[in-house]
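Working notes for the structure below.
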Amino acid sequence: MKKIIKGGRVATAADVFEADILIENGKIVQIGKNLSDIGAEVIDATGKYVMPGGIDPHTHLDMPFNHTVTDDDWKSGTIAAAFGGTTTILDFCLTAGEDKLSAAVEKWHDKAKGKSAIDYGFHLMIGDLTTETEAELPQILEQEGITSVKVFMAYAKEFQASDRTLFKAFKMAKNLGAVVMVHCENGSVIDELVEEARRAGHKEPIYHALTRPAELEGEATKRAIELAHIAGATLYVVHVTCKEAVDEIIAAREKGYDVYGETCPPYLTLDQSALAQPGFEGAKYVWSPPLRPKYHQDHLWNALKAKQLQTIGSDQCSFSFKGKKQLGINDFSKIPNGGPFIEDRFSILYSEGVAKGKISINEFVDMISTSAAKIFGLFPQKGTIAIGSDADIVIFDPEIKREISAKTHHMNVDYNPYEGWEVTGEPISVLVRGEYVIKNKEFVGVLGSGQYIKRALKTTAAEALNI
Numbered sequence: 001m002k003k004i005i006k007g008g009r010v011a012t013a014a015d016v017f018e019a020d021i022l023i024e025n026g027k028i029v030q031i032g033k034n035l036s037d038i039g040a041e042v043i044d045a046t047g048k049y050v051m052p053g054g055i056d057p058h059t060h061l062d063m064p065f066n067h068t069v070t071d072d073d074w075k076s077g078t079i080a081a082a083f084g085g086t087t088t089i090l091d092f093c094l095t096a097g098e099d100k101l102s103a104a105v106e107k108w109h110d111k112a113k114g115k116s117a118i119d120y121g122f123h124l125m126i127g128d129l130t131t132e133t134e135a136e137l138p139q140i141l142e143q144e145g146i147t148s149v150k151v152f153m154a155y156a157k158e159f160q161a162s163d164r165t166l167f168k169a170f171k172m173a174k175n176l177g178a179v180v181m182v183h184c185e186n187g188s189v190i191d192e193l194v195e196e197a198r199r200a201g202h203k204e205p206i207y208h209a210l211t212r213p214a215e216l217e218g219e220a221t222k223r224a225i226e227l228a229h230i231a232g233a234t235l236y237v238v239h240v241t242c243k244e245a246v247d248e249i250i251a252a253r254e255k256g257y258d259v260y261g262e263t264c265p266p267y268l269t270l271d272q273s274a275l276a277q278p279g280f281e282g283a284k285y286v287w288s289p290p291l292r293p294k295y296h297q298d299h300l301w302n303a304l305k306a307k308q309l310q311t312i313g314s315d316q317c318s319f320s321f322k323g324k325k326q327l328g329i330n331d332f333s334k335i336p337n338g339g340p341f342i343e344d345r346f347s348i349l350y351s352e353g354v355a356k357g358k359i360s361i362n363e364f365v366d367m368i369s370t371s372a373a374k375i376f377g378l379f380p381q382k383g384t385i386a387i388g389s390d391a392d393i394v395i396f397d398p399e400i401k402r403e404i405s406a407k408t409h410h411m412n413v414d415y416n417p418y419e420g421w422e423v424t425g426e427p428i429s430v431l432v433r434g435e436y437v438i439k440n441k442e443f444v445g446v447l448g449s450g451q452y453i454k455r456a457l458k459t460t461a462a463e464a465l466n467i
């Protein structure tokens, strides 16, 4: 059945205008005023924004880590994402412990099969490049439509790659037209600082932050930037948290390097003091890189405004406080790293950014959807409202206020880092390829209806973004 959205204000990365949107066979087929609604279901968007569905470029669903597994799988995670206005996620396919890259990709397909309520794709982790995996990588990326690989410079026991592997990944990605995403922290030095703190008897959550100083994020960011430049590759720095890393990215972009950056809602809105709460409460705020002192927030907002950082990822990596976070109650280094953000990414950025005048509605759409679509090969199928694009649409009420709480969120965890926060703006209805997933704030989607999206490799992200 055809659908027509009437009465709303269409907001894209470039424009805001009043128009009707006609949807047929999962696509946007017409945009204009006073379109005929004969034979179509009418969706009244009066007083609402009509936006492209959010694209979350950074999620970890059903992911093993720190001797446990994240609490949100592809069912609860994608339902929560949909409530939050996200219609496509790009999840990290981990290859640790796999002999073949294809085996890891198959495992991730199995995790999502029959569960995802929204569309999705994968980033492919590179932990080591053996003769076998080097030979397999081009074929896997092409066959699976994966345009991005992930390399960790931290977590020596689980994921950390050597500088040689990182450089080889950059060279291969350059030849393949893929983007290399890098977690930039100096993992080896962090491990030494962690051991020093443990020997001194420190066990409190605040030491997670104190053993991962901003200087080590800045140093690793600089190292990744130069290695990528030597290889001629495109670098995407994930979850940027601090002035030190922002400054390196700005300096590189000013020199014409092909470098892009992502930050996440908690780094824009929460600070290091959360980890110093009495008792073990600070464990709720343990993720990596850690929260920074508050002054770093202005540098992140300014970099977003100046387009030196391009995207907002959730870095969804949820572990319940009771049971899983408490694995580290006697040792901060054993607290599972990660937090639940997939549902509130949209609202936090709108409320703290647009509603408070830090960014425009067009910049919001660009950060939450369009730039990620361009960088990772989804645009213009997704990330915009245009004729021929997928009808991934969010009807967003910019006036409504709500209180964030674990009692009402849809993530499968027993706490929310934003507990008690009042936010302005909320997704009311969400469509994926023209079909309701959320209708009037109720889940009406079908688990397993989310489609795996193959993306096209690009020569460079710069050509797609043109910024």
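Numbering-wise (our numbering), the sequence shown opens with residue 1 and increments by one.
Beta carbons: idealized from backbone N, C-alpha and C, even for Gly.
Since the model is a prediction, treat every value here as computed from it, not as a measurement.
Asked	Found
According to DSSP, which residues form a beta bridge with Gln30?	Leu22
In the DSSP assignment, find the alpha helix (DSSP H) that holds Met172 and state where it starts and stops.	163-176
For Thr211, which residues in the same chain have their Cβ closer than 7 Å to its Cβ, ignoring the five residues on either side in sequence?	Ile190, Leu193, Val194, Ala197
Given Glu219, which residues of its chain have a CB within under 7 Å of its CB, disregarding the five upstream and five downstream residues?	Asn186
For Lys27 and Lys3, I'd like the C-alpha separation in whole angstroms.	10 Å
With three or more beta-carbon pairs closer than 8 Å as the criterion, would you say the stretch 173-185 touches the stretch 229-239?	yes
According to DSSP, what are the bridge partners of Gly313?	None, per the DSSP bridge assignment.
When the Cα atoms are used, what is the spatial distance from Gly420 to Ser351?	14 Å
Going by beta carbon distance, what residues of the same chain come within less than 6 Å of Gly448, once the five residues before and after it are set aside?	Gly114
Are at least three pairs of beta-carbons, each pair with one atom in the stretch 318-328 and one in the stretch 299-308, less than 8 Å apart?	no
Taking the C-alpha atoms as reference points, what is the distance between Ile146 and Leu124?	7 Å
Out of Val246, Ile225, His202, Ala200, which one is the CA nearest neighbour of Ala214?	Val246
Scan the stretch 393-461 and note each continuous beta strand (DSSP E) run of 3 residues or more that stays entirely inside, going in chain order.	393-403, 422-432, 435-439
Below 8 Å between beta carbons: does that hold for Val472 and Gly77?	In the structure as shown, the chain starts at 1 and stops at 467, and residue 472 therefore has no counterpart that could be examined.
Counting only runs that start and end within the stretch 188-230, where is the alpha helix (DSSP H) found for 4 or more residues in a row?	206-210
So, Val16 versus Ile361, is the Cβ gap smaller than 8 Å?	yes
List the residues that DSSP assigns as beta-bridge partners of Thr3.	The amino acid occupying residue 3 in the given sequence is Lys; Thr does not appear at that position. Lys3 is bridged to Ile23, Glu41.
Taking the C-alpha atoms as reference points, what is the distance between Ala461 and Ile375?	For Ala461, the predicted model reports a pLDDT of 49, less than 50, meaning its position is unreliable and no value from the coordinates is stated.
Do you know how far the Cα of Asp72 is from the Cα of Ile79?	10 Å
Could you pull the start and end residues of the alpha helix (DSSP H) that Ser102 belongs to?	101-112
Between which two residues does the beta strand (DSSP E) harbouring His296 extend?	That residue, His296, is in no beta strand (DSSP E); its alpha helix (DSSP H) goes 296-305.
Kindly provide the ranges of any alpha helix (DSSP H) runs that are 4 or more residues long and lie completely inside the stretch 317-372, ordered along the chain.	345-349, 361-365
How is Lys150 classed by DSSP in three states: helix, strand or coil?	strand
In this structure, does DSSP put Asp71 in helix, strand or coil?	coil
Could you spell out where the beta strand (DSSP E) holding Leu90 opens and where it closes?	86-93
For the alpha helix (DSSP H) that contains Ala11, what are its first and last residues?	No alpha helix (DSSP H) contains Ala11, which is instead part of the beta strand (DSSP E) from 9-11.
Determine contact between the stretch 400-408 and the stretch 249-265, defined as no fewer than three beta-carbon pairs at a distance below 8 Å.	no
Count the other CB atoms, across all protein chains shown, that sit within 10 Å of the CB of Lys382; report buried if there are 16 or more and exposed otherwise.	buried
Provide the residue(s) that pair with Phe17 in DSSP beta bridges, ordered along the chain.	Val10
If you run the structure through DSSP and keep just helix, strand and coil, what is Pro52?	strand
Counting beta carbon pairs with one atom in the stretch 80-94 and one in the stretch 337-349, are three or more of them shorter than 8 Å?	yes
Around the C-beta of Asp91, are 16 or more other C-beta atoms found within 10 angstroms, so that it is buried, or is it exposed?	buried
Of the residues Gln30, Gly323, Lys48, which one's Cα is nearest the Cα of Ala40?	Gln30
Nearest-angstrom Cα distance between Tyr120 and Glu144?	12 Å
Since Thr133 is in the alpha helix (DSSP H), which residue starts that stretch and which ends it?	131-144
Would you kindly check if the distance between the Cβ of Ala19 and the Cβ of Tyr49 is under 8 Å?	no
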